[in-house]
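**Q**
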Amino acid sequence: MPPVSQQIQGNGQGQTAHRRTGRVPFRQGSGRMTYETFGLTNAGRSRENNEDALRVEPELNLIVVADGMGGESCGEVASALVVDKIVEYIRCPAETLEPEERIKEAIRLANRVVWNAAEDHGECKGMGSTVVVAYWEDDRLWIVNVGDSRAYRFRNGQLTQLSYDQNVGNDLRTNLGLSEEQVQRYPHHRLLTMAVGIGEDVLIRTWSGDLAPGDLIFLCSDGFYGPIPDSRLAEFLSSRMPLPAMMASMIEAANSAGGPDNITVAVLKAEV
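Each residue of the sequence shown is one higher than the one before, starting from 137 at the first, in our numbering.
(1) For A384, which residues of its own chain have a beta-carbon under 7 Å away from its beta-carbon, when the five flanking residues on both sides are left out?
(2) When we look at the beta-carbon of Y288 and count the other beta-carbons within 10 Å, is it buried (16 or more) or exposed?
(3) Which of helix, strand or coil does DSSP assign to G180?
(4) In chain order, what residues of the same chain lie with their CB nearer than 8 Å to the CB of A393, ignoring the 5 residues before and after it?
(5) With distances taken between CB atoms, is the gap from A267 to V218 smaller than 9 Å?
(6) In the DSSP assignment, what are the bridge partners of L286?
(7) The alpha helix (DSSP H) spanning T310 covers which residue range?
(8) Just to confirm my understanding: we take R191, look at its own chain, exclude 5 residues before and 5 after, and list those with CB closer than 6 Å. What are they?
(9) Tell me, please, whether the region 350–364 touches the region 398–408 by the rule of three or more beta-carbon pairs shorter than 8 Å.
(10) To the nearest angstrom, how far is the alpha carbon of G158 from that of F174?
(11) Given a threshold of 16 other Cβ atoms within 10 Å of its Cβ, counted over all protein chains shown, does V160 qualify as buried or as exposed?
(12) Output the distance between the C-alpha atoms of V332 and A370, rounded to the nearest integer angstrom.
(13) Find out if the Cβ-Cβ distance for the pair N398, R238 is shorter than 9 Å.
(14) For the candidate residues L312, G283, G293, R309, whose alpha-carbon lies nearest to that of S299?
(15) Rounded to the nearest angstrom, what separates Y225 and E241 at their Cα positions?
(16) Taking only three categories from DSSP, how would you classify A393?
(17) Look up R238 in the DSSP assignment and give the residues it is bridged to.
(18) At 3 residues or longer, what runs of the beta strand (DSSP E) sit wholly inside the region 168–212?
(19) For the beta strand (DSSP E) containing D346, name the first residue and the last one.
(20) Reducing DSSP to helix, strand and coil, say where S299 ends up.
(21) Between Q297 and R291, what straight-line distance do the alpha-carbon atoms span, to the nearest angstrom?
(22) Pick from P378, M377, S344, G335: whose alpha carbon is nearest that of L245?
(23) Using the three-state DSSP reduction, which class does G264 fall into: helix, strand or coil?
(24) Report the residue from E316, L347, R181, S285 whose alpha carbon sits nearest the alpha carbon of M330.
(25) Can you tell me where the beta strand (DSSP E) with A402 in it begins and where it stops?
(26) Where do the ends of the alpha helix (DSSP H) carrying A370 lie?
(27) Classify K261 as buried or exposed, calling it buried when 16 or more other Cβ atoms lie within 10 Å of its own Cβ.
(28) So, helix, strand or coil for V269, using DSSP?
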């Protein structure tokens with residue numbers, strides 16, 4: 137059996153699809169609102185390969201961002217498997233489920249696939265991926281995540297993180313009540329406590345709420361929010377730039393700040 141990386145690269149469908157849909161702005165009507173989507177991914181300035189994966193699937197009301205980890209090319213494999221399996225399941229679900237459970241079941245499927253691939257291929261032992269998913273129906277939004285890839289809402293000039301960072305630092309804040317200054321001094325505060333594919337089971341975080349006209353829902357990997365503070369993100373989202381120009385400017389800003397990691401950004405814009 138060929139290495140798992142060769143199997144994925146030989147398929148190629150997921151990579152081509154996410155790049156195509158991710159670079160074309162798409163506008164759709166849904167009930168009383170219109171939605172526009174766009175996303176970009178970039179290797180950054182410090183990495184030779186891109187272990188992030190992006191799928192923008194407006195016909196499915198879906199955006200998926202994943203950030204892979206693992207030796208050799210296994211991080212790329214893990215993130216590609218995650219986004220492809222989630223899209224595959226949402227497109228053809230095995231059973232009738234409410235949106236939140238449908239997305240969670242898609243992530244569970246991706247978890248099993250990545251876990252089994254790592255078990256079958258020793259060179260990818262321990263590979264995994266974060267994931268954050270945005271799914272919308274009419275004026276309702278669901279955010280589902282594993283790991284520390286993020287989703288934000290920008291509404292009426294206010295930026296709110298909707299996803300939950302599954303890392304040591306957030307556990308210290310939540311469970312021990314440590315201050316931000318104390319957390320930043322902790323040497324392993326960014327270490328993940330959960331990822332897709334690192335075990336047979338996966339803990340999934342969810343958020344749901346209403347969408348309002350003017351909302352911007354922004355998804356990204358840590359290669360963006362690591363070097364770019366929330367205050368700068370809010371400036372981008374309030375700029376009224378066309379979405380392709382806005383996303384390109386964000387990539388440029390992260391690279392100008394050193395581009396220490398792969399960078400993925402994607403946005404959903406709700407309008408009347």
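From the three backbone atoms N, C-alpha and C, an ideal C-beta is built for every residue, glycine too.
None of these values were measured; they are calculated from a predicted model.
**A** The relevant details are as follows:
(1) L176
(2) buried
(3) coil
(4) P363, I364
(5) The sequence shown places Val at residue 267, not Ala. Yes.
(6) Contrary to the premise, residue 286 reads as Arg rather than Leu in this sequence. DSSP lists C356 as partners of R286.
(7) 304–312
(8) H154, V200, V219, V223
(9) yes
(10) Confidence in G158 is poor, its pLDDT being 41 and thus under 50, which makes the residue's placement too unreliable to answer from.
(11) Note that V160 scores a pLDDT of 42, beneath 50, so its modelled location is shaky; the value from the coordinates is reported in the next line. Label assigned to V160: exposed.
(12) 29 Å
(13) no
(14) G283
(15) 8 Å
(16) coil
(17) Paired residues: none, contrary to the question.
(18) 169–178, 188–193, 198–205
(19) 341–346
(20) coil
(21) 11 Å
(22) G335
(23) strand
(24) S285
(25) 399–407
(26) 366–373
(27) exposed
(28) strand
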